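Numbering (our numbering), first residue to last: 4 to 914. What follows is a short report on a single structure.
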Amino acid sequence: MTSNSIIKDPSQTWHDQPIKRVVAVLKSSLTGLTQDEAQSRLKTFGYNRLPEPPRHSALLRFFLQFHNVLIYVLLGAAVITALLDHVIDTIVILAVVIINALIGFIQEGKAEQALAALRQMLTPIATVLRNGERYCIPGEELVPGDVVLLEAGDKVPADVRLFKTHGLTVQEALLTGESVPVEKQTTSVNTNAPLGDRSCMAFSGTLVTNGQGRGIVVATSETTQIGRISGMLLTVHMLTTPLIVQMGLFARWLTTLILLIAALLLAYGYFVQHHQFGELFMIIVGLSVAAIPEGLPAVLSITLAIGVQAMARRNAIIRRLPAIETLGSVSVICTDKTGTLTLNEMIVSSVVTTEHEFTLDGTGYEPKGSIQLNKKNINNHQYPLLTELARAAIHCNDAALHEHEGNWRVEGDPMEGALLSLAGKINPVLLEERNTWMRTDVIPFDSKYRFMATLHHNHLKQAFIFIKGAPEQILSHCEKQKTEDGRVEPINKVYWHHQIEQIAAKGQRVLALAMKPINPEHTVLEFSDVENELILLGMVGLIDPPRPEAIAAINQCYKAGIAVKMITGDHARTSIAIAQQIGLKNPNKVLTGNDLDHMNDEELANTVLTTDVYARTSPEHKLRLVMALQSHGMTVAMTGDGVNDAPALKRADAGIAMGRKGSEVAKEAAELILADDNFASIVAAVREGRTVYDNLKKVISWTLPTNAGEAMTIIVALLFGMSLPVTPIQILWINLITAITLGLTLAFEPTEETTMQRLPRSRDEPLLSSVLVWHIILVSILFLCGVFGLYFHALERGYSEVLAQTIALNTLVVMEIFHLFFIRNMYGTSITWRAVKGTKVIWLAVIIITVAQFTITYLPFFQQVFITESIPFTEGLLIVITGILFFAVIEIEKQIRLLISRKNHFNSDSL
C-alpha cells in the first residue's frame with residue numbers, strides 16, 4: 004500500500020499508532036522532509052486548503068428563484084391582468100415576484116459561505132523542519148510527512164501527530180465544545196478514543212494556548228477534521244421550513260381550485276348559456292383576478308420582515324425570512340453546553356482547606372465576589388490560609404486579566420485566569436504583590452508531570468516555591484499540610500482524596516496548590532526541589548458556570564412544550580452536573596459518543612426522546628441526533644458556536660449560532676444569530692416566531708374570504724345571468740387598496756397572552772386547517788349575503804344600478820373592517836376592551852380606508868373613475884348595521900366552537 008492510499012483512506016487512524024509507525028507509513032523522519040520531497044508530495048496531495056464546491060452562476064441562481072408554484076400563480080395573474088389592461092395591477096404583481104426573487108437570491112448560498120469561512124480558518128503561515136532546518140512557509144504548502152513546530156499563540160495548520168511536547172495545551176472548543184485547553188502528550192491512545200481524548204493529536208484550526216510541541220503532519224485539506232466537517236456540509240441537505248411547505252401546498256391548492264372553477268364556468272357559460280366566447284373569456288379572467296389574492300405574498304413578506312425587526316430588538320438576528328416562522332413551530336432545542344448554556348468562562352466555584360469548604364460567587368473573570376462558608380459570607384481576613392492559597396495561585400500563573408468597559412477577559416489559560424480572579428476576591432492587594440515578588444525560575448506545565456512550579460523571591464529576602472497541578476500528582480509530593488492557625492502538620496491523604504471525589508462529583512475540575520519555603524540563595528528550580536517536602540495549602544474546584552438566564556429560559560421552554568437536549572463534547576460527569584444545575588429533565592441519564600457509535604439509527608431513534616444529556620460527542624453524533632429527532636416529526640432547533648456544530652446547524656430546521664463567541668462557520672450555517680450569546684434570547688425568538696405565524700394565519704384568514712366573496716359574487720352573477728354587483732374597477736380597488744392596507748395591519752399585531760402556554764404546532768399542520776377552511780366558507784357566504792342583500796335592497800328602493808353597486812362596494816369594505824377586528828383574537832373573545840381598542844396601526848388603517856371610501860363615493864372626479872354615486876345617510880347607517888350583524892354572527896360561531904373544543908378537552912385554536 005502506498006503512502007498516498009494510506010493517507011487518503013478514511014479508515015486510517017493515527018492517534019492509536021506509535022510515532023515510529025506513523026513516521027514509517029508517511030515515509031518521513033523526525034527532522035522533516037527534504038524540499039524536493041515536499042514539492043513532489045505537494046503535486047500528489049494538492050494544497051492544504053479546502054476545495055471549493057461547484058457553484059451556480061449568479062444569473063442561474065436568480066432565475067431558480069422563480070421555480071415555485073406560487074410564483075407561477077402570480078406570473079399567471081400578471082398575464083391575466085395584462086390581458087385586462089390593468090397596468091397598475093400587473094406592475095404590482097411583477098414587483099412582488101421580483102422582490103421575492105431578490106430576497107431568495109440574496110439569502111441563498113449559505114453552504115458556500117460556510118465553506119469559505121472554513122477555508123479562511125486554515126493558518127496562513129506554518130513553521131516546519133525541512134532538510135533538518137527551520138522554515139516559515141505558507142500553510143497551504145504543508146504536505147503529509149512535514150514536521151511542524153508549534154508554539155503558544157499558533158493556530159495548528161494541519162492535523163498533526165505529536166512526537167515532542169513541553170507544557171503543550173491546545174484550545175479545542177472549536178471542534179469538541181470543551182472549554183478548557185487540552186493537555187497534549189506523545190503516547191498513542193485507544194483506537195476508539197473520542198476526538199477530545201486524542202491527546203497525542205493536534206487538529207487543524209485549533210489554538211495553541213501554552214507550551215511548545217513538534218508533530219508530523221498526517222492530514223491536510225479535506226482529510227483533516229475541519230475538512231471532514233466541510234465535506235459533511237456539502238452532503239447535508241437543508242430541510243425546507245414549514246411555512247415554505249405550507250405555502251407550496253396552498254399555492255397548488257389555490258391554483259387547482261381556481262383553474263377548476265374557471266374551466267367549469269367557461270364550459271357552463273359557453274355550452275349551457277351560449278355566451279360569446281370572447282366576452283365569456285374576459286369574465287372568467289375577471290373571476291381569476293378576483294379570486295387570486297395578489298397582495299397576499301407582499302403582505303406575508305412584510306409580516307416576516309416586521310418579525311425580523313422585532314427579533315433584532317431582542318438581539319436575535321435572522322438570516323433567512325422563513326426561519327422566523329420555523330422558530331414558532333420548534334418542538335425541541337438541541338443546545339451545545341459551552342458558551343451557550345454556560346458562560347464559557349472558567350471560575351473557581353469551591354475552595355477546600357484542611358478544615359473548611361468554601362463556595363464563591365461572582366461574574367466571569369472579574370476579581371470581585373463574595374466567599375461563603377456554610378452559605379454565609381465571611382470576612383476573608385479571618386482565614387489567613389485563604390490568602391496563602393491565593394498567593395500561590397497568582398504567582399504560579401502565566402495568565403493576565405484585562406478590563407475593558409466593565410468586561411474582564413483573560414489572556415492565557417482560562418483556568419489560570421480563574422485563579423487570578425479567585426485571588427482578587429480573597430485579597431485584592433495580592434494582585435499588586437504579583438509585580439513585587441520576582442519570579443526567579445519556572446518549571447512549565449508538562450502533561451507528563453501534570454504540574455507547574457515557580458520560584459519566587461520577595462523584598463524580605465525570602466524564597467518560596469509555589470506549585471499547582473493535578474491533585475493526585477501534587478499529593479504524591481506533599482508530606483505536610485497547612486492549617487487555618489498557621490501550623491504545619493502531617494498530611495491527611497484520606498481526607499484529601501475524599502475531597503477530590505466530592506469536588507469532581509459536582510462536575511468541577513480540581514487543582515491542588517502547594518508551597519515550599521526554600522533558601523533565598525536558591526535561584527535555579529530543579530525537579531528534585533519539588534519531589535518532596537511540599538506543604539499542601541488546599542484545593543480548588545473550577546467550572547464553566549451556567550448562565551443564570553439560561554435556567555429561566557429552559558423552564559419557559561418546558562412550559563411552552565419545548566424539549567431541551569444538551570449535546571456537548573465535554574465529559575459526562577461535567578455534563579450531568581451542568582444539566583442538574585440548569586434544570587434539565589432526566590439530568591442523570593447521559594449517553595456518550597461511544598454509546599452512540601454502538602447504536603444503529605433505529606436504536607438511537609428509540610432512545611433519543613428519553614435522553615436529554617449527550618457527552619463526548621463528535622460532529623457526526625450531533626448530526627445523527629438532529630436527524631433522529633426529526634424522524635419523530637419534531638421541528639428541531641440547534642444552537643451552537645463552534646465549527647463542530649456547523650453540519651447539525653445546517654441540517655436542523657432552525658440553526659441558531661452565537662454572535663459574540665460563535666465561529667464564522669457556525670454563523671454562516673445558521674438561520675438565526677444571537678447577538679448577545681444569550682440562551683434566554685431563544686425563548687424570546689420562539690415567542691416572536693409563534694407571534695409571526697399567528698399573524699400570518701390572521702392575514703390569510705382575513706384575506707381569503709374577501710377574495711372568495713368577490714369570486715362568488717361573479718360566479719353567482721354569471722350563473723343567474725345578473726349584472727355584477729361590484730364592477731371590475733371596484734374589485735381592483737378592493738384587491739390593491741383596501742385589502743392590502745387593512746391586511747397589512749395584522750402584521751403588527753402584538754403577541755397574544757396565551758402564546759407561550761400552547762404546545763408547539765405540528766410541522767405537518769396545514770396552513771389551511773379544516774377550521775380555517777370552514778371560516779373562509781362561512782365568511783364568504785356572509786359577504787355574499789351582505790353584498791347581494793343590500794344590492795337588491797337598493798334596486799327595490801328604486802335606486803340606480805350605479806348607486807346599488809356603490810352600496811355593495813361599501814358594504815364589502817365595512818364588513819372587511821369588522822372582520823379585521825374579529826380576526827385579531829384567534830384564541831379568545833373579540834369582545835374585550837383590548838380587542839376594541841386595537842393598535843395605533845389598525846386605527847390608522849381604518850381611518851385611511853374610511854377617508855378613501857368617502858373620497859371615491861362622494862367626490863365627483865373619483866365618482867367618474869370608479870363609477871360610484873353618493874350614498875344617502877340612511878343607507879350608510881344600514882351598511883354599518885350590516886357590518887355589526889356580520890361581526891356578531893362570526894363571534895357567536897367562534898365562541899360556540901371554542902366551548903365545544905374545551906368540553907372535548909382538546910387544544911384547538913379558533914382558526
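Every residue gets a Cβ at the ideal spot worked out from N, C-alpha and C, and that includes glycine. Fair warning: this is a prediction, and the values are worked out from it, not measured in the lab.
* Asked: What's the gap between the Cα of alanine 580 and the Cα of alanine 618?
  -> 12 angstroms
* To do: Kindly list the residues whose CB is nearer than 7 angstroms to the CB of arginine 122, restricted to its own chain and excluding five residues on each side of it in sequence; keep chain order.
  => Note that arginine 122 has pLDDT 45, beneath the 50 cutoff, so the model's placement of it is unreliable and no number is given.
* If you draw a straight line from the alpha carbon of isoleucine 784 to that of glycine 712, how long is it in whole angstroms? -> 7 angstroms
* Using the beta-carbon count (16 or more within 10 Å), is proline 753 buried or exposed? -> exposed
* List the DSSP bridge partners of arginine 217. => Leu152, Lys167
* **For serine 578 and isoleucine 2, the rounded distance between their alpha carbons** => This structure cannot speak to residue 2, because the chain is shown only from 4 to 914.
* To do: Flag serine 765 as yes if its beta-carbon sits less than 9 angstroms from any beta-carbon of chain C, otherwise no.
  => Here there is only one protein chain, and chain C is not present.
* To do: Output the boundary residues of the beta strand (DSSP E) element that contains alanine 418.
  => Correcting the residue identity first, residue 418 is methionine in this sequence and not alanine. Per DSSP, methionine 418 belongs to no beta strand (DSSP E); it is in the alpha helix (DSSP H), 417-429.
* **Simplified DSSP assignment, three categories, for histidine 405** => strand
* Asked: Span of the alpha helix (DSSP H) holding aspartate 130?
  -> For the record, residue 130 in the displayed sequence is threonine; it is not aspartate. Per DSSP, threonine 130 belongs to no alpha helix (DSSP H); it is in the beta strand (DSSP E), 128-133.
* Just tell me which of Gly886, Thr343, Leu165 has its CA closest to the CA of glutamine 188. => Leu165
* **Start-end ranges of the alpha helix (DSSP H) lying completely within the region 440-507, minimum 4 residues** => 474-480
* Is the beta carbon of threonine 341 less than 9 angstroms from the beta carbon of asparagine 347? -> yes
* Asked: Quick one: what's threonine 642 bridged to in DSSP?
  -> Thr338, Ile659
* Start and end residues, beta strand (DSSP E) containing valine 141 -> The sequence shown places proline at residue 141, rather than the valine named in the question. 136-141 is the span of the beta strand (DSSP E), which, as asked, contains proline 141.
* Asked: Just checking my contact of valine 542 with glutamine 502 at CB under 8 angstroms: how many whole Å lie between their CB atoms?
  -> For clarity, residue 542 is methionine in the given sequence; the question names valine instead. Yes, methionine 542 and glutamine 502 are in contact; Cβ-Cβ is about 6 angstroms, under 8 angstroms.
* Asked: Can valine 351 and glutamate 360 be called in contact, C-beta distance under 9 angstroms?
  -> no
* Can you tell me whether DSSP reads leucine 121 as helix, strand or coil? -> Residue placement at leucine 121 is poorly supported in this model, since its pLDDT is 39, which falls under 50; the coordinates still yield a value, given next. Helix.
* **Opposing strand residues paired with valine 173 [DSSP bridges]** => Val185, Val211
* Asked: Looking at C-alpha atoms only, which residue of Arg201, Ser726, Val173, Ile676 is the closest neighbour of arginine 663?
  -> Ile676
* Asked: Does DSSP classify leucine 612 as helix, strand or coil?
  -> coil
* Would you check if the region 471-484 and the region 373-390 touch, i.e. whether three or more CB-CB distances between them fall below 8 angstroms? => no
* **Alpha-carbon to alpha-carbon, alanine 575 and alanine 515** => 22 angstroms
* Asked: Which same chain residues, not among the five before or five after proline 160, have their C-beta less than 6 angstroms away from its C-beta?
  -> Thr126, Ala129, Gly142, Leu145
* To do: Kindly indicate the opening and closing residues of the beta strand (DSSP E) around isoleucine 570.
  => 566-570
* Any beta strand (DSSP E) of 3 or more consecutive residues that is wholly inside the region 17-43 -> none
* Asked: Which first and last residues belong to the beta strand (DSSP E) in which glycine 544 is found?
  -> 537-546
* Unbroken alpha helix (DSSP H) run spanning valine 731, endpoints -> The sequence given here places proline at residue 731; valine does not occur at that position. Start and end: 731-736.
* Take glutamine 38 and list the residues in its own chain whose beta-carbon comes closer than 8 angstroms to its own, dropping the five residues that flank it on each side. => Arg133, Asn134
* Asked: When the Cα atoms are used, what is the spatial distance from glutamine 15 to lysine 653?
  -> 27 angstroms
* To do: With DSSP collapsed to three states, give me the class of leucine 587.
  => coil
* Could you name the residues of the same chain whose beta carbon sits closer than 8 angstroms to that of asparagine 558, not counting the 5 residues immediately before and after it, in chain order? => Gly586
* Asked: What's the call for threonine 179, buried or exposed, on a 16-neighbour Cβ count within 10 Å?
  -> buried
* Distance between beta carbons of valine 192 and histidine 18, contact taken as under 8 angstroms -> 5 angstroms
* Using the C-alpha atoms, what's the distance from serine 450 back to methionine 124? -> Summary for methionine 124: the model assigns pLDDT 46, below 50, so the residue's position carries little reliability; its value from the coordinates is reported in the next sentence. Taking the straight line joining both Cα atoms gives about 27 angstroms.
* **Best match in Gly218, Phe791, Gly230, Glu819 for proximity to valine 163 [C-alpha to C-alpha]** => Gly218
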